[in-house]
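Note that our numbering has the sequence shown beginning at 3, numbered continuously upward. The structure appears right after this line, and notes come after that.
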Amino acid sequence: MTISQGVAEVARMDLRTEGIDDGLEETIDRLQNSDIIYDSFIEKFAYALWDRITDEIGATATAFKDSEEDYSLYDLQTSITGNVQQGIKEVIPNIISFMQETILENTGEIQRKVENIIAHYSNQGINIPKPNLNIRTFDAGNINLNDILNSISEKNCF
């Protein structure tokens, strides 16, 4: 009896969704089995970090070059290090927004299909609350960017 009721319920759901859930499971599986969210996040975060670091280095070098004062190369290095570290501290808190943006961009098709199913059920008088993806906290841990900074400092930027 239980199995029959389950089969009947699945058939009823299939009739109600009228095929609008076609491909949903495959799309979710494809997303789960790929690195697209990770790669997209890294691209966004790395670009923001690279952009900020190069801006800081460029601005510091320009200020050093245009300065009326006599500064040593050690002063330039110290200034670049301090400004880059400050820039990194300002980019790190944006990790959550980069992650949210990445998830929204890469789950759009899934969200549309789920919204269509919900809308279809809602049209039939069944009230289904829309799921909400909200990342409230994200512990980035102690991010160590020393290797990145060392790699950048080893390149001839000037």
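Note that the Cβ used here is the ideal one computed from N, Cα and C, for glycine as well.
Is the CB-CB distance between residue i and residue j below 8 Å?
| i | j | result |
| --- | --- | --- |
| Ile55 | Gly89 | yes |
| Phe66 | Ser42 | no |
| Leu51 | Val93 | yes |
| Thr104 | Lys46 | yes |
Taking DSSP as the reference, what is the three-state secondary structure of residue i?
| i | result |
| --- | --- |
| Phe160 | Bear in mind that the predicted position of Phe160 carries a pLDDT of just 43, short of 50, making it unreliable; the figure below should be weighed with that in mind. Phe160 falls in the coil class under three-state DSSP. |
| Thr109 | coil |
| Asp68 | helix |
| Asn35 | coil |
| Ser74 | coil |
| Ile5 | helix |
| Ser81 | helix |
Assuming residue i contacts residue j under a Cβ cut-off of 8 Å, what Cβ separation, rounded to an integer in Å, is found between them?
| i | j | result |
| --- | --- | --- |
| Leu33 | Ile112 | 7 Å |
| Ile59 | Val86 | 7 Å |
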